[in-house]
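Student: Quick one: this structure, given as structure tokens, is what I'll be asking you about.
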Amino acid sequence: MTVTTLMASILNWLRAGYPDGVPGPDRVPLLALLRATPLTEEQVREVVRNIAEAAAPADIEDPITRDDIEAFIAEMTQHDAGPENTARVAARLAAAGWPLADLSDS
142 MTVTTLMASI LNWLRAGYPD GVPGPDRVPL LALLRATPLT EEQVREVVRN
192 IAEAAAPADI EDPITRDDIE AFIAEMTQHD AGPENTARVA ARLAAAGWPL
242 ADLSDS
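Quick note, this note's numbering runs 141 ahead of the 1-based positions in the sequence shown.
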């Protein structure tokens with residue numbers, strides 16, 4: 142699987158697992174799971190940017206900027222997701238088709 146294909150697949154799994162956006166309690170474990178993929182840090186940021194841009198209403202007055210996303214990632218990586226939260230998010234994504242075992246073996 143190429144990196145481009147992997148990124149597209151991850152975005153599709155995230156959209157399927159979180160059709161209404163990723164809620165606050167799931168954000169830290171989600172970042173932990175993204176980091177367990179073969180994606181680089183920049184590619185993880187790109188996935189987060191894609192999710193944020195897709196979730197933002199077109200008519201929003203104060204859209205999320207790349208700097209906002211960078212600050213969010215920096216803040217979230219300071220927190221420990223905890224194994225129970227990571228397992229909960231992993232189960233939700235697995236139900237949407239995310240091949241977690243394949244990614245963790247990479």
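Idealized CB from N, CA, C, for every residue including glycine.
All values derive from a computational prediction rather than experimental measurement.
Ordered along the chain, which non-local residues of its own chain (more than five positions away) have a Cβ less than 6 Å from that of G158?
Tutor: Sequence index remark: in the sequence shown, residue 158 carries index 17 (1-based). Here the set comprises R233, L234, A237.
Student: Just how far apart, CA to CA, sit D208 and E225?
Tutor: By 1-based counting over the sequence shown, the position of residue 208 is 67. By 1-based counting over the sequence shown, the position of residue 225 is 84. Their backbone Cα atoms lie some 30 Å apart in a straight line.
Student: So, L172 versus T206, is the Cβ gap smaller than 8 Å?
Tutor: For the purposes of this step, residue 172 is taken as the residue at position 31 of the sequence shown. For the purposes of this step, residue 206 is taken as the residue at position 65 of the sequence shown. For L172 and T206, no; Cβs fall outside 8 Å.
Student: Could you pull out every residue in the same chain whose Cβ sits closer than 6 Å to the Cβ of W239, ignoring the five residues on either side in sequence?
Tutor: Numbered from its first residue, the sequence shown carries residue 239 at position 98. Excluding residues within five positions, the ones whose Cβ falls inside 6 Å are W154.
Student: Nearest-angstrom Cα distance between T181 and T145?
Tutor: Within the sequence shown, residue 181 is the residue found at index 40, counting from 1. Within the sequence shown, residue 145 is the residue found at index 4, counting from 1. Distance between the alpha carbons of T181 and T145 is about 12 Å.
Student: Just verifying my parser: in three-state terms, what is the DSSP assignment at L180?
Tutor: The residue you call residue 180 lines up with position 39 of the sequence shown. Correct three-state label for L180: coil.
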